[in-house]
Amino acid sequence: MDLWFWLVFIMIVAPTVPGSAAGTVGVNYGRLASKLPSPGEVVELVRSLGVTKVRIYDTDATVLQAFANTSIELTVSVPNNDIPALATNISTAQNWVNSSILLFYPQTKITTILVGYEVLTAGQHITPYLLTAMENIHSALATLKIDSQVKVSTTHSLNILNMTSPPSLCSFDHEAIVRPLLQFLSKTGAPFMVNIYTFSTFQQDKGRNFPESFALLKPTGFVVVDPISRLRYENLFLAQLDAVYSAIGNFGFSDIQVAVSETGWPFTGKSGASVRKSRSYNQNVARLCLSGAGTPLVRDRPIEVFIYSLFNEDLQPSSLGTFGLFFTNKSRVFDFDTRTLQPSK
87 MDLWFWLVFI MIVAPTVPGS AAGTVGVNYG RLASKLPSPG EVVELVRSLG
137 VTKVRIYDTD ATVLQAFANT SIELTVSVPN NDIPALATNI STAQNWVNSS
187 ILLFYPQTKI TTILVGYEVL TAGQHITPYL LTAMENIHSA LATLKIDSQV
237 KVSTTHSLNI LNMTSPPSLC SFDHEAIVRP LLQFLSKTGA PFMVNIYTFS
287 TFQQDKGRNF PESFALLKPT GFVVVDPISR LRYENLFLAQ LDAVYSAIGN
337 FGFSDIQVAV SETGWPFTGK SGASVRKSRS YNQNVARLCL SGAGTPLVRD
387 RPIEVFIYSL FNEDLQPSSL GTFGLFFTNK SRVFDFDTRT LQPSK
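Going by this note's numbering, the first residue of the sequence shown is number 87, and it counts up by one from there.
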């Protein structure tokens, strides 16, 4: 990804104009750990965070059953390896929806199905199958008349963009692949899901173009100005989110909502990781979402994020750093409760 080459000013920015409603904060419930609490215990941990949405990386029956008859909305996932079969045979997609969704819905509030993980940047051999798999799953949902309640999307890395700065000039590589995908999302009313890790961008930048506080969403008066749109950015998260909105808009699909499927800051395992910074980042992102503010470019759309991650997953590659709100023994890494981060009335 290109690093920042914007005009930079040190100034105090006027408060962001709020959106029409508060955004939402969810959490990613990954299970790559040697010893985890039971799904029933996890439900109570999620409630203790005050979050209303959970994303899982499969459609595990025990997990889906545990979240039945709760107020928690679930986003479920199709593993990358399953995509070719779902694309090749529509009956396979119908059977998958029947066994993985309909068997639990609506008692379990499944709202979104994410087909694959960063396929367009990490899974070249399955890229040709992605859109057809999404269409087949959506068709199966439509047959059951639940396609308005359960949306179909996929997740993306920021590397899907040709650049990330300035936001106004960002676009997508591989137009022939991305444009039909955006057409599908626009037609079905599904969100564009992207993983945003400002920690990784700061590690690449090494402080050459912006301070760490900019990546941590800490207001210090440091502002980056897009030289084309003249929009001002107080933090890297909003700038990267607007880079995605700009790319989508530059393809003519300004109606599509962008949601952040993963974001977080490691608390150990990498240079620049600490419990203090992880707490600060996650709280700042949640506070921004709950304020109802949109982005400088799209001010009327509240922000939706899923914090990565619920647990310290010791079976994840160590090169990623260690994320998590809880250790697997259910003790907290740090205090995090969205109910204490709600803006004052």
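All C-beta atoms, glycine included, are put in the ideal place defined by N, C-alpha and C.
Quick check: the Cα distance between residue i and residue j, rounded to an integer number of angstroms?
i: F300; j: N398; result: 25 Å
i: Q343; j: I393; result: 18 Å
i: V280; j: T207; result: 12 Å
i: S243; j: L322; result: 16 Å
i: K139; j: G358; result: 29 Å
i: T198; j: S239; result: 7 Å
i: F339; j: G202; result: 22 Å
i: D421; j: G136; result: 12 Å
i: V346; j: S185; result: 27 Å
i: P352; j: G275; result: 33 Å
i: P252; j: T178; result: 43 Å
i: A372; j: V391; result: 8 Å
i: P297; j: Y319; result: 13 Å
i: M220; j: T306; result: 43 Å
i: V330; j: N415; result: 37 Å
i: Y367; j: V361; result: 10 Å
i: L427; j: G109; result: 12 Å
i: T182; j: L271; result: A small correction: the amino acid at residue 182 is Trp; Thr does not occupy that position in the sequence shown. Approximately 21 Å, taken between the alpha carbons.
i: T381; j: N370; result: 15 Å
i: S163; j: Y143; result: 5 Å
i: I263; j: S286; result: 26 Å
i: H154; j: T284; result: According to the sequence as given, residue 154 is Ala; it is not His. Answer to the nearest angstrom: the Cα atoms are 34 Å apart.
i: L401; j: Q290; result: 25 Å
i: L383; j: K121; result: 43 Å
i: R432; j: C375; result: The structure shown does not extend to residue 432, since the chain is modelled only from 87 through 431, so no value can be given for it.
i: Y215; j: I169; result: 7 Å
i: I389; j: L188; result: 29 Å
i: I334; j: T241; result: 14 Å
i: V111; j: T349; result: 11 Å
So, at 6 Å on beta carbons, what are the nonlocal neighbours of residue i in its own chain, with the 5 sequence-adjacent residues on each side left out?
i: S254; result: D312, I314, S315, S332
i: L150; result: F190, T194
i: R365; result: F420
i: N248; result: S257, D259
Would you identify the three-state DSSP class for residue i, choosing helix, strand or coil?
i: H260; result: coil
i: A379; result: strand
i: V128; result: helix
i: M220; result: helix
i: S243; result: strand
i: A345; result: strand
i: N281; result: strand
i: S163; result: strand
i: F190; result: coil
i: L200; result: strand
i: E43; result: Because residue 43 is not part of the residues shown, which for the chain are 87 to 431, the question remains open.
i: V371; result: helix
i: G293; result: coil
i: T250; result: coil
i: T354; result: strand
i: S430; result: Caution applies to S430, whose pLDDT of 48 falls short of 50 and renders its modelled position unreliable; the value that the coordinates give is listed next. S430: coil per DSSP, three-state reduction.
i: F337; result: coil
i: F397; result: strand
i: S106; result: Because the pLDDT at S106 is just 49, under 50, the model does not fix this residue reliably, and the value given afterwards should be weighed accordingly. If DSSP states are grouped into helix, strand and coil, S106 belongs with coil.
i: D168; result: helix
i: R385; result: coil
Would you mind sorting residue i into buried or exposed? The rule is 16 or more other CB atoms within 10 Å of its CB.
i: H224; result: buried
i: T229; result: exposed
i: R141; result: buried
i: Q235; result: exposed
i: A147; result: exposed
i: A171; result: exposed
i: E261; result: exposed
i: E127; result: exposed
i: L118; result: exposed
i: S395; result: buried
i: Q210; result: exposed
i: A379; result: buried
i: A107; result: exposed
i: N167; result: exposed
i: G293; result: exposed
Strictly by DSSP, which residues pair up with residue i?
i: N114; result: R141
i: R318; result: V311
i: K237; result: T198
i: R418; result: F412
Relative to the ligand FMN, is the shortest distance from any of its heavy atoms to the C-beta of residue i smaller than 8 Å?
i: W351; result: Among the ligands in the structure shown, none appear at all, so the ligand FMN cannot be discussed.
Within its chain, find whatever has a CB closer than 7 Å to the CB of residue i; leave out the 5 residues flanking it on each side and keep chain order.
i: R425; result: G136
i: T156; result: V129
i: L217; result: P266, L267, F270
Quick one: what's got a C-beta closer than 8 Å to residue i's C-beta in the same chain, skipping five residues either side?
i: G355; result: S404, L406, G407, T408
i: D233; result: H224, L227, T274
i: R418; result: L411, F412
i: K237; result: T197, T198, I199, T274, G275, A276, P277
i: D423; result: S134, L135, G136
Output yes if chain C places a C-beta closer than 9 Å to the C-beta of residue i; else output no.
i: G338; result: No chain C is present in this structure, which holds just one protein chain.
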